[in-house]
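Colleague:
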Amino acid sequence: MIFSSLQYFLFLPIAVFCYWKTRGTTRLLVTVLASYIFYMSWLPVYGLLLLTMTLANYGLGRGIEKAREQGAKKTAGTYLGIGLLINVGVLCYYKYFNFIFENAIKAVIGITSLVPQVQLSQNFTHLADSPFLTVVLPLGISFFVFEFVHYLADVFRGHKAVKSFLMFASFAAFFPSQIAGPIKRYQDFVAQLANPTPLNRELFYEGASLIMQGLFKKAALADPLGALIAPTFATMSTLSAGDAWLAAGGFVIQVYCDFSGYTDMGRGSALLMGIRLPINFELPLLSRDISTLWRKWHMSLGSWLRDYVYITLGGSRSGAVVQSRNLVITMIVCGLWHGASWHYIMWGILQGVGMTVHRMWCTLLKNNPALDGASKTWVGNALSYVLTMSFVCATFGLFRSPDMPHALNLWQGMINFGLPFTQTIIVLKSGIVPILLTYFAFWLIISYLQKHETALDDQVKDQEPGRPLVGAKMLFANPVRLAAWSAALILMVASKPLEAVPFVYFQF
Numbered sequence: 052m053i054f055s056s057l058q059y060f061l062f063l064p065i066a067v068f069c070y071w072k073t074r075g076t077t078r079l080l081v082t083v084l085a086s087y088i089f090y091m092s093w094l095p096v097y098g099l100l101l102l103t104m105t106l107a108n109y110g111l112g113r114g115i116e117k118a119r120e121q122g123a124k125k126t127a128g129t130y131l132g133i134g135l136l137i138n139v140g141v142l143c144y145y146k147y148f149n150f151i152f153e154n155a156i157k158a159v160i161g162i163t164s165l166v167p168q169v170q171l172s173q174n175f176t177h178l179a180d181s182p183f184l185t186v187v188l189p190l191g192i193s194f195f196v197f198e199f200v201h202y203l204a205d206v207f208r209g210h211k212a213v214k215s216f217l218m219f220a221s222f223a224a225f226f227p228s229q230i231a232g233p234i235k236r237y238q239d240f241v242a243q244l245a246n247p248t249p250l251n252r253e254l255f256y257e258g259a260s261l262i263m264q265g266l267f268k269k270a271a272l273a274d275p276l277g278a279l280i281a282p283t284f285a286t287m288s289t290l291s292a293g294d295a296w297l298a299a300g301g302f303v304i305q306v307y308c309d310f311s312g313y314t315d316m317g318r319g320s321a322l323l324m325g326i327r328l329p330i331n332f333e334l335p336l337l338s339r340d341i342s343t344l345w346r347k348w349h350m351s352l353g354s355w356l357r358d359y360v361y362i363t364l365g366g367s368r369s370g371a372v373v374q375s376r377n378l379v380i381t382m383i384v385c386g387l388w389h390g391a392s393w394h395y396i397m398w399g400i401l402q403g404v405g406m407t408v409h410r411m412w413c414t415l416l417k418n419n420p421a422l423d424g425a426s427k428t429w430v431g432n433a434l435s436y437v438l439t440m441s442f443v444c445a446t447f448g449l450f451r452s453p454d455m456p457h458a459l460n461l462w463q464g465m466i467n468f469g470l471p472f473t474q475t476i477i478v479l480k481s482g483i484v485p486i487l488l489t490y491f492a493f494w495l496i497i498s499y500l501q502k503h504e505t506a507l508d509d510q511v512k513d514q515e516p517g518r519p520l521v522g523a524k525m526l527f528a529n530p531v532r533l534a535a536w537s538a539a540l541i542l543m544v545a546s547k548p549l550e551a552v553p554f555v556y557f558q559f
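At position 116 of the sequence shown the residue is numbered 167 (the numbering used here), and the sequence of numbers has no breaks.
Written out as structure tokens, the structure is:
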């Protein structure tokens, strides 16, 4: 069951209805049951894994709090260490076992090939292909493990542990954010779950419009773009510059629409239950530098990495060299979080290096007023944007490529201007391009309105009762937005049946 499937649109109203028809402990039980039904619809056995980890972290959190209150800081630290070992160990087993084992086998084969006297059996050389050593990755494990780590770390730092097991289980398994985030902070979530905002007409319109908006991003933009660029990323033949840049740029837009679309649908679903999940994106593709982009892209992961990796390493308290080291290490962790492969590690390194170079550039501008002034002109801003997006497209090509050889082939193509733009011509001649451009223009208009959400929302709230909304106020009103998204989806489905294509971030 995924957010864009028919099953989910049957499941969600039932879950929301049961949620609001109950109170107190019964409501928590409904939340947990609905979340486990959603999670176990994929692979039921992993519901047991989630339950076991929930029990372990709940008990460890209570143990840390009790030890801390008794002044036994060493005992509390021991509990924290056990918790980190369990959570990181489970994540490493399910997500990195295949990667580590495969590379270990290759290393042994590589070493022994240099020593003729050592002969490996054929069974050993084929060991990495054994089905018994193939581990299936549980959906959402990277997200809920990071939430568990945050919970234990914050309880150790002095925050109160969650007393109710059902409350904690709801935090761990909450279905709108279970599979692909956003990564929640338990203090905010528990407070909202204990006292959810009543479902009124305005909250319903806001939640429903977010769901429709997310579905539009996914079905109208992300999925068609993914189909267009897939052949380019799958090939190992020589690429032209046009084909390579078209594929890389298309993927950046695809992954943004796919992931932010999922987040929109999750946030909208949570709003129907009176809970406001963290905002995960703030139009990052309009950023003019890589640091700003990362402050607006997957914001819940970025804040987690800042609080529990970057600051733990020392953050910005030391000199420039140590700061750069901390930043690169943090982004390597970010790369590994996304996947167990060398191209994800390289992607993380490049993001860290890019942010380090931007910091150096900012220091240079601070010490050179003339250069700083030139950088703020429209030419400077345009150049900054082009350079930033070029870096993003080139490095995100690593993210999409199945392995390093394919990524290197893509990079080689980006500077290969001597070949005809074969794939580019095929795409431009296809009938999907005008439709995509229409959808894209519609999305940009609505996104512009949402960028000014706070000011417009205040104007709507200050409107005299009974007085009609006009101008931007009318365009921003949730009922109008909901109707616009719904009409766009109806037109889209009329031209092409909706397919439940998995979201990109399900693999993480």
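Yeah, the Cβ is synthetic: ideal placement off N, Cα and C, and Gly gets one too.
Here the structure is a predicted model, which means the values were calculated and not measured.
Count the CB pairs spanning the region 309-317 and the region 236-254 that are closer than 8 Å, and state whether there are at least three.
Modeller: No: fewer than three Cβ pairs fall under 8 Å.
Colleague: For Phe62, which residues of its own chain have a beta-carbon under 6 Å away from its beta-carbon, when the five flanking residues on both sides are left out?
Modeller: Locating residue 62 in the sequence shown gives position 11, counting from the first residue. Around Phe62: no qualifying Cβ.
Colleague: Quick one: what's got a C-beta closer than 8 Å to Phe60's C-beta in the same chain, skipping five residues either side?
Modeller: Position 9 of the sequence shown holds residue 60. Taken in chain order, the list of residues that qualify is empty.
Colleague: With respect to the alpha helix (DSSP H) encompassing Glu198, which residues constitute its N-terminal and C-terminal limits?
Modeller: Against the sequence shown, residue 198 aligns to sequence position 147. First-last of the alpha helix (DSSP H) with Glu198: Ile192 to Phe207.
Colleague: Evaluate the contact criterion for the region 272-288 versus the region 298-306: three or more CB pairs, one atom per stretch, below 8 Å.
Modeller: Enough Cβ pairs lie closer than 8 Å, so yes.
Colleague: Compute the Euclidean distance between the alpha carbons of Leu190 and Met104, then round it to the nearest angstrom.
Modeller: Position 139 of the sequence shown, counted from the first residue, corresponds to residue 190. Position 53 of the sequence shown, counted from the first residue, corresponds to residue 104. In a straight line, the C-alpha of Leu190 is about 14 Å away from that of Met104.
Colleague: Spatial neighbours of Ala118 within its chain, please: C-beta separation below 6 Å, excluding the five flanking residues on both sides.
Modeller: Here the question's residue 118 lines up with position 67 in the sequence shown. Cβ neighbours of Ala118 beyond the five flanking positions: Thr126 and Ala127.
Colleague: When the Cα atoms are used, what is the spatial distance from Trp412 to Tyr70?
Modeller: For this step, residue 412 is matched to residue 361 along the sequence shown. For this step, residue 70 is matched to residue 19 along the sequence shown. Between Trp412 and Tyr70, the C-alpha separation is close to 52 Å.
Colleague: Rounded to the nearest angstrom, what separates Arg20 and Leu459 at their Cα positions?
Modeller: It is not possible to answer for residue 20, since the shown part of the chain is limited to 52 through 559.
Colleague: When burial is assigned at 16 or more other CB atoms within 10 Å of the CB, is Leu57 buried or exposed?
Modeller: Here the question's residue 57 lines up with position 6 in the sequence shown. Exposed.
Colleague: Leu322 by DSSP, collapsed to three states: which one?
Modeller: Within the sequence shown, numbered from 1, the residue matching residue 322 stands at position 271. Leu322: helix per DSSP, three-state reduction.
Colleague: Can you tell me which of the three DSSP states Ala231 falls into?
Modeller: By one-based count along the sequence shown, residue 231 stands at place 180. Ala231: coil per DSSP, three-state reduction.
Colleague: Do the region 426-445 and the region 332-345 meet, that is, are 3 or more Cβ pairs less than 8 Å apart?
Modeller: The answer is yes - the region 332-345 touches the region 426-445, with three or more Cβ pairs under 8 Å.
Colleague: Which value, in whole angstroms, describes the spacing of the CA atoms of Pro64 and Tyr361?
Modeller: The residue given as residue 64 occupies position 13 in the sequence shown. The residue given as residue 361 occupies position 310 in the sequence shown. One C-alpha to the other measures close to 41 Å.
Colleague: DSSP three-state call for Ser452: helix, strand or coil?
Modeller: Counted from its first residue, the sequence shown places residue 452 at position 401. Ser452 falls in the coil class under three-state DSSP.
Colleague: Closer than 7 Å by C-beta to Glu515: which residues in its own chain qualify, once you throw out the five before and the five after it? Chain order, please.
Modeller: Position 464 of the sequence shown holds residue 515. With a pLDDT of only 44 at Glu515, under the threshold of 50, the placement of this residue in the model should not be trusted, and no figure is reported.
Colleague: Which term fits Asn419, buried or exposed, when burial requires 16 or more other beta carbons within 10 angstroms of its beta carbon?
Modeller: Counted from its first residue, the sequence shown places residue 419 at position 368. Label assigned to Asn419: exposed.
Colleague: Do the CB positions of Pro329 and Pro233 come within less than 9 Å of each other?
Modeller: In the sequence shown, residue 329 corresponds to position 278, counting from 1. In the sequence shown, residue 233 corresponds to position 182, counting from 1. In this structure, Pro233 lies closer than 9 Å to Pro329 by Cβ.
Colleague: Using CA atoms only, rank isn't needed, just tell me which of Ala285, Trp398 and Gln374 is closest to Pro453.
Modeller: Working through the sequence shown from its first residue, we reach residue 453 at position 402. Checking every option, the nearest Cα to that of Pro453 belongs to Ala285.
Colleague: Rounding to the nearest angstrom, what Cα-Cα distance links Ala85 and Val141 in this structure?
Modeller: Numbered from its first residue, the sequence shown carries residue 85 at position 34. Numbered from its first residue, the sequence shown carries residue 141 at position 90. Distance between the alpha carbons of Ala85 and Val141: 24 Å.
Colleague: Need the endpoints of the alpha helix (DSSP H) that Phe255 sits in, please.
Modeller: Reading the sequence shown from its first residue, position 204 is the one you call residue 255. Arg252 to Phe267 is the extent of the alpha helix (DSSP H) around Phe255.
Colleague: In angstroms, rounded to a whole number, what distance separates the CA positions of Leu401 and Tyr90?
Modeller: Position 350 of the sequence shown holds residue 401. Position 39 of the sequence shown holds residue 90. Roughly 34 Å separates the two Cα atoms.
Colleague: Which value, in whole angstroms, describes the spacing of the CA atoms of Phe332 and Ser354?
Modeller: For this step, residue 332 is matched to residue 281 along the sequence shown. For this step, residue 354 is matched to residue 303 along the sequence shown. The straight-line gap from Cα to Cα measures roughly 12 Å.
Colleague: So the alpha helix (DSSP H) Glu116 belongs to, where does it begin and stop?
Modeller: The sequence position of residue 116 within the sequence shown is 65, counting from 1. Glu116 -> alpha helix (DSSP H) spans Val96 to Glu120.
Colleague: Quick check on DSSP: helix, strand or coil for Glu333?
Modeller: Translated into positions along the sequence shown, residue 333 becomes position 282. Residue state, collapsed to three classes: coil.
Colleague: Helix, strand or coil for Lys427, going by three-state DSSP, please let me know.
Modeller: The residue you call residue 427 lines up with position 376 of the sequence shown. The answer is coil: DSSP assigns Lys427 none of H, G, I, E or B.
Colleague: Specify, as a first and last residue, the run of the alpha helix (DSSP H) that Pro275 falls within.
Modeller: For the purposes of this step, residue 275 is identified with residue 224 of the sequence shown, where counting begins at 1. Residues Asp274 to Ala285.
Colleague: If you reduce the DSSP assignment to three classes, tell me which class Arg78 lands in.
Modeller: Numbered from its first residue, the sequence shown carries residue 78 at position 27. It is helical.
Colleague: Any contact of the region 134-148 with the region 107-121, i.e. 3+ C-beta pairs under 8 Å?
Modeller: With a cut-off of 8 Å, the region 107-121 and the region 134-148 count as touching, because enough Cβ pairs lie within range.
Colleague: With 16 other CB atoms within 10 Å as the buried threshold, where does Leu422 fall?
Modeller: On the sequence shown, position 371 is the one that residue 422 refers to. It is exposed - the Cβ of Leu422 has fewer than 16 other Cβ atoms within 10 Å.
Colleague: For Arg236, collect the residues of the same chain with a Cβ closer than 7 Å to its Cβ; drop the 5 residues on either side in sequence, then sort them by chain order.
Modeller: Translated into positions along the sequence shown, residue 236 becomes position 185. Closer than 7 Å at Cβ, skipping near neighbours: His201.
Colleague: Where Trp348 and Val372 are concerned, what is the direct C-alpha to C-alpha distance, given to the nearest angstrom?
Modeller: Position 297 of the sequence shown, counted from the start, is the residue given in the question as residue 348. Position 321 of the sequence shown, counted from the start, is the residue given in the question as residue 372. When rounded, the distance between both Cα atoms is 25 Å.
Colleague: At what residues does the alpha helix (DSSP H) containing Trp348 begin and finish?
Modeller: Taking the first residue of the sequence shown as position 1, residue 348 is located at position 297. Run containing Trp348: none; DSSP gives neither H nor E here.
Colleague: Start and end of the alpha helix (DSSP H) containing Gly390?
Modeller: Counted from its first residue, the sequence shown places residue 390 at position 339. Counting along the chain, Gly390 falls outside any alpha helix (DSSP H), and DSSP gives it neither H nor E.
Colleague: Could you tell me whether the Cβ atoms of Val241 and Val213 are closer together than 9 Å?
Modeller: The residue labelled residue 241 in the question sits at position 190 within the sequence shown. The residue labelled residue 213 in the question sits at position 162 within the sequence shown. Cβ atoms of Val241 and Val213: closer than 9 Å.
Colleague: Candidates Val186, Lys124 and Val408: which alpha carbon is nearest Glu153's?
Modeller: By one-based count along the sequence shown, residue 153 stands at place 102. Among Val186, Lys124 and Val408, the Cα nearest to that of Glu153 is on Val186.
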